[in-house]
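In the working numbering, the protein residues as written are 4 to 426. Glycine included, C-beta positions come from ideal geometry on N, C-alpha and C. Structure first, then comments.
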C-alpha cells in the first residue's frame, strides 16, 4: 500500500531558546490555566496573509472557553521552516506538545509520539478516512493524525479541448491522441509532465498507480522496479515524451510549480492537477475541466492521495490535555473550515460527506470522489525520506532519449532496499 505527507501545529518560542512573549509567536491565553499546551503549525496562506493564524486564534479561543483549565500557545511557521524548527526543538529537548508538520515517522520510530488511541476518543479516531488513517501508521500503529488532504484528478483546458474537438481521455492511448491533436492546434505543452526535483516522487506515483503499480507492494515492501512500473515509464518515454507531446522543457527539468503556472496562463492542455490550481487558473481566465485520471485500459486503478499531519509529543506528559484539544480540532466545523478555506479536502468521513453535498465546494467534488480509495506514498517508513529524494533527483532520466527506464528504476530500487534494511 502507498502512503504520504501533509500538516503541522504549535509550539512556544521558548522551544527555540526565546521567551514565550516574543512578538509574532501568536501566543494566546495567560498563566491562569492548569496546563499550557504549546502548538506549532504550518502556514497555508499562499498570499502571505494571516488566514492560518486567524483560524488557529479563533479555534483556540473557542477551545479555551469550553476548557478553561487548558491554555494553548500557537506558533505559526512557513512550510519552508516548520519541519526544521520542530526538529530543532525536539533535538534540544524542548518538543512542542502538538506539531502540525509534513512528516511523523522519524518521531514515531524514536518513541517520541503518543499513538492515536492514546489521545483520541474512539468516535474521533474511527472517523478518519480509512486510507488516511492507514497512511498515519508506523509499525501498524497510528501516530500521524491526518490534518488535511488532497487527491489528483486530470485537469484540462476546456477551451483548448473544445477548439480541438476532443473529449476528456479515459485511457492512456486516448490521452496520447488528445495530446497529438492539441499539438496540431499549436498548443505549446499538450501534456505537462513535471518530473523535476520539486515533486517528482508524487507525479510518478500517479502514473504508477494508474497502471496497478506503486512505490511499494501489497506487503508494504519497496517494489520500485516492478514490471508494472518499468512498463509505465517505458510508455511515458515512448508515447508521450518521445512524441514531443510534453512541451519544450524536458520533464526531468520541469517542476510542478512551473507546470501549474503555465497551465494557469493557458499554455498547457492537460496535467495532473491539485485543488489549489482550480482557483488560480480561474483568476487568469482559464476554464478548468476535471476528469478521473486515465489508466492503461480505462480510468486509473487507483489515484494518489496526499496528507499533512498533526501529532502529539510525549515529552511534557500532557497526554490527556493534548487528546482533549485534538478531539476539538477534529470536530466537523473545524475540519470543514480549514479545508474549505484552503481548497483542500477534509480528513474525516463526516466532514467529507458534508462538503460533497455543499454547492460552495462543487469544484472539489472530483477530488472528494477519489479520496476514499486514494493510496499515499509510504510516509510511515523512516526510509521514505531518502528514497523520495533519490526519486526526485533521478526519475526524470528514465524518459530522456537515451534513458532506460528499467536501469533507472533498478538503481532507485537498490537505494530503497538499502534504506529499508537500515530502518
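Segment limits, beta strand (DSSP E) that includes residue i
i: residue 73; result: 73-80
i: residue 312; result: 308-315
i: residue 192; result: 192-194
i: residue 272; result: 271-275
DSSP state of residue i mapped onto helix, strand, coil
i: residue 289; result: coil
i: residue 29; result: Interpretation of residue 29 is limited by its pLDDT of 33, a score under 50 that renders its predicted location unreliable; the figure taken from the coordinates is listed afterwards. Note: residue 29 maps to coil in three-state DSSP.
i: residue 410; result: helix
i: residue 385; result: coil
i: residue 5; result: Annotation note: pLDDT 32 at residue 5 (below 50); position unreliable, coordinate value reported separately. DSSP places residue 5 in coil when its eight states are reduced to three.
i: residue 50; result: coil
i: residue 35; result: With a pLDDT of 44 at residue 35, under the threshold of 50, the modelled position of that residue is not reliable, and the figure given next carries that caveat. Coil.
i: residue 258; result: coil
i: residue 246; result: coil
i: residue 378; result: strand
i: residue 360; result: coil
i: residue 390; result: helix
i: residue 304; result: coil
i: residue 416; result: helix
i: residue 20; result: Residue confidence is low: residue 20 scores 33 on pLDDT, short of 50, so the model does not pin down where it sits. Its coordinate-derived value is still stated next. Residue state, collapsed to three classes: coil.
i: residue 169; result: coil
i: residue 121; result: helix
i: residue 67; result: helix
i: residue 200; result: coil
i: residue 97; result: coil
i: residue 426; result: coil
Residues bridged to residue i [DSSP beta-bridge criterion]
i: residue 299; result: DSSP, once it has assigned bridges, lists no residue as partnering residue 299.
i: residue 153; result: 309
i: residue 351; result: 131
i: residue 318; result: Per DSSP, none; premise fails for residue 318.
i: residue 159; result: 273, 292
i: residue 116; result: 316
Reference residue i; option with closest CA among the options
i: residue 294; options: 416, 161, 322, 346; result: 161
i: residue 283; options: 50, 166, 40; result: 50
i: residue 309; options: 151, 100, 140; result: 151
i: residue 322; options: 52, 59, 121, 201; result: 121
i: residue 110; options: 318, 135, 46, 73; result: 318
i: residue 38; options: 374, 326, 420; result: 326
i: residue 277; options: 63, 270, 307; result: 307
i: residue 159; options: 268, 140, 290, 100; result: 290
i: residue 428; options: 239, 63, 84, 149; result: Nothing about residue 428 can be read from this structure; the chain reaches only from 4 to 426.
i: residue 143; options: 119, 264, 155; result: 119
i: residue 320; options: 98, 298, 76, 406; result: 98
i: residue 74; options: 80, 82, 81, 64; result: 64
i: residue 107; options: 392, 385, 76, 394; result: 385
i: residue 275; options: 125, 139, 258, 286; result: 258
i: residue 85; options: 70, 101, 414; result: 101
i: residue 81; options: 280, 421, 43, 131; result: 43
i: residue 71; options: 378, 332, 328; result: 328
i: residue 125; options: 333, 423, 376, 413; result: 333
i: residue 363; options: 378, 380, 340; result: 340
i: residue 163; options: 91, 113, 147, 187; result: 187
i: residue 146; options: 395, 312, 371, 369; result: 312
i: residue 1; options: 411, 68, 228, 195; result: Here the chain has residues from 4 to 426 only, and residue 1 is not among them.
i: residue 392; options: 287, 200, 231, 352; result: 200
i: residue 174; options: 357, 46, 214; result: 214
Boundaries of the alpha helix (DSSP H) in which residue i is found, first to last residue
i: residue 206; result: 203-213
i: residue 224; result: Note, residue 224: premise wrong, no alpha helix (DSSP H); not H, not E.
i: residue 108; result: 108-112
i: residue 90; result: 85-94
i: residue 344; result: 335-344
i: residue 218; result: Counting along the chain, residue 218 falls outside any alpha helix (DSSP H), and DSSP gives it neither H nor E.
i: residue 181; result: 175-187
i: residue 401; result: Taken as a continuous stretch (DSSP letters only), residue 401 belongs to no alpha helix (DSSP H), as it is neither H nor E.
i: residue 371; result: 368-373
i: residue 252; result: Counting along the chain, residue 252 falls outside any alpha helix (DSSP H), and DSSP gives it neither H nor E.
i: residue 231; result: 230-238
C-beta neighbour in chain B for residue i, strict 8 angstroms
i: residue 298; result: Annotation note: the requested chain B is absent from the structure, which comprises a single protein chain.
Inside the region 123-148 only - alpha helix (DSSP H) runs reaching at least 4 residues: 125-129, 133-138
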